[in-house]
Amino acid sequence: MSENSGSSRSATGPGWWQVARHGMCPACNTPGMVWAGRAWEPPKLNDHCRACGEPLAVHEASGRALYPVVIPLVALLVFSALRVDDIWRLPLWVYPLVWGPASALIVGLAVRAVRAAVLAARVAPRGQG
Ligand SMILES: [Zn+2]
Numbered sequence: 003m004s005e006n007s008g009s010s011r012s013a014t015g016p017g018w019w020q021v022a023r024h025g026m027c028p029a030c031n032t033p034g035m036v037w038a039g040r041a042w043e044p045p046k047l048n049d050h051c052r053a054c055g056e057p058l059a060v061h062e063a064s065g066r067a068l069y070p071v072v073i074p075l076v077a078l079l080v081f082s083a084l085r086v087d088d089i090w091r092l093p094l095w096v097y098p099l100v101w102g103p104a105s106a107l108i109v110g111l112a113v114r115a116v117r118a119a120v121l122a123a124r125v126a127p128r129g130q131g
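Numbering (the working numbering), first residue to last: 3 to 131.
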């Protein structure tokens with residue numbers, strides 16, 4: 003129960019999944035310190051960890067660093083939309099209602115995962131004596 007209380011004695015920080023899902027600071031393991039803004043907004047890192055002061059925003063992956071993930075994902079979404087259209091022939095007004103939010107959600111989750119992975123890889127955990 004106390005494994006995430008900030009007194010972790012492991013030499014490794016949280017994995018990318020814990021950073022992405024719980025916002026655990028890679029330096030101090032405090033949950034809820036990484037993400038700025040609300041859950042439905044595009045994922046953005048806090049400037050600093052409010053618990054330990056570790057600068058986080060300087061490690062934010064953006065621009066070209068996201069291309070290797072976002073471009074194949076968008077291509078996959080386009081091919082998925084075309085395949086769904088081949089199979090079901092839904093009315094045209096359904097597509098923006100389904101693929102708009104679905105695309106924003108999927109790309110947002112992918113960007114969050116990439117930013118968490120980059121942050122977890124770059125920030126070393128702080129030793130506890
Ligand atoms: Zn921290």
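C-beta: ideal position from N, C-alpha, C; glycine also.
Residue i Cβ short of 7 angstroms to ligand 1 heavy atom set
i	result
T14	no
E56	yes
A53	yes
A29	yes
The alpha helix (DSSP H) enclosing residue i, as first and last residue numbers
i	result
L107	96 to 124
R85	69 to 90
Selection from the options that minimises the alpha carbon distance to residue i
i	options	result
R23	L84, A112, D87	A112
A63	L78, P44, C54, L79	P44
A104	G39, P16, V80	V80
C127	L84, P57, W95, R114	The amino acid at residue 127 is misidentified as Cys; the sequence shows Pro. If we check each option's Cα against that of P127, P57 comes out closest.
W101	V76, L68, V21	V76
P70	R52, C54, V116, P16	V116
(request) Would you mind listing the alpha helix (DSSP H) stretches within the segment 8 to 59 that are 4+ residues and don't spill past its ends, in chain order? (result) Qualifying alpha helix (DSSP H) stretches, in chain order: 18 to 24.
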